[in-house]
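Q: The structure under discussion is supplied below as structure tokens; questions concerning it will follow.
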Amino acid sequence: MSLAKIHREILAHESNRHFTEKGFAPLYSVSRSAKIVIIGQAPGRKAQESGIPWNDISGDTLRNWLGVDREMFYNKELIALLPMDFYYPGKGTTGDLPPRKEFAPRWHERILKEMSDVQLVVLIGSYSQKYYLKDRLEKNLTETVRNYKKYMPRYFVLVHPSPLNARWQAKNPWFTKDILPPLRAKIRSILKA
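The sequence shown runs 75 to 267 under the working numbering.
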């Protein structure tokens, strides 16, 4: 199976017809040689419209957290961007709707199987963490992130970098002090290897 064949299948799949008919391509970026995979929620409206994942304020914050510039972040030979759903799910009452539950089970394993050089998977937010960590999660997102070492070396867990989480970050100053430095050091060591 090739990544190109999987991409064609995603485009052709009945569950994605609504997006394809509107001219939206699946929004993800992968290559066989990627060393880091970033798994977030789903593209936001601005990202979907621009056709560039993480092309918004959340993406700016995430790049700062990782310690990488836009050029490095969008180099799919090094960093893969693989959200839980490749399409913007729409607006809900308190933010964007959640990613479709059947999407990641249908595509992620197949895509990741084609990527043999992955050294780190960054799980951003509760959707990706619940899917990948299952019963290894702590009692809540805050405690899961605080205990990030428990999931290493395969996974690094983060909150979502959305401006909506600014209050969470203000209440949890340990995140900037204790989590971001080891995250940046890990990213640096992988990308320099």
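Even glycine gets a Cβ: it sits at the ideal position worked out from N, Cα and C.
Within its chain, find whatever has a CB closer than 8 Å to the CB of Y206; leave out the 5 residues flanking it on each side and keep chain order.
A: Taking the sequence shown and counting its residues from 1, one reaches residue 206 at position 132. Counting only Cβ-Cβ distances below 8 Å, and skipping sequence neighbours, we find I113, V195, L197 and Y229.
Q: Contact between the region 149–165 and the region 232–246: three or more CB pairs below 8 Å?
A: no
Q: Mind reading off the beta-carbon distance from A108 to V192? Whole number of angstroms is fine, and I expect it under 8 Å.
A: Translated into the one-based positions of the sequence shown, residue 108 becomes position 34. Translated into the one-based positions of the sequence shown, residue 192 becomes position 118. Confirmed, Cβ separation roughly 6 Å.
Q: Note down, in chain order, each residue of its chain lying with its Cβ closer than 8 Å to the Cβ of M146, except the 5 sequence neighbours on either side.
A: For this step, residue 146 is matched to residue 72 along the sequence shown. So the qualifying residues of the chain are L152, I153 and L265.
Q: Evaluate G133 with the Cβ neighbour count: other Cβ atoms within 10 Å of its Cβ, from every protein chain shown; 16 or more gives buried, anything less gives exposed.
A: Position 59 of the sequence shown holds residue 133. Result: buried.
Q: With distances taken Cα to Cα, identify the nearest neighbour of H87 among W248, I185, K213 and F177.
A: If you number the sequence shown from 1, residue 87 lands on position 13. Of W248, I185, K213 and F177, the residue nearest in Cα terms is F177.
Q: Check this for me: beta carbons of G125 and I261, under 8 Å apart or not?
A: What you label residue 125 is simply residue 51 of the sequence shown in a count that begins at 1. What you label residue 261 is simply residue 187 of the sequence shown in a count that begins at 1. Not a contact, by the Cβ cut-off of 8 Å.
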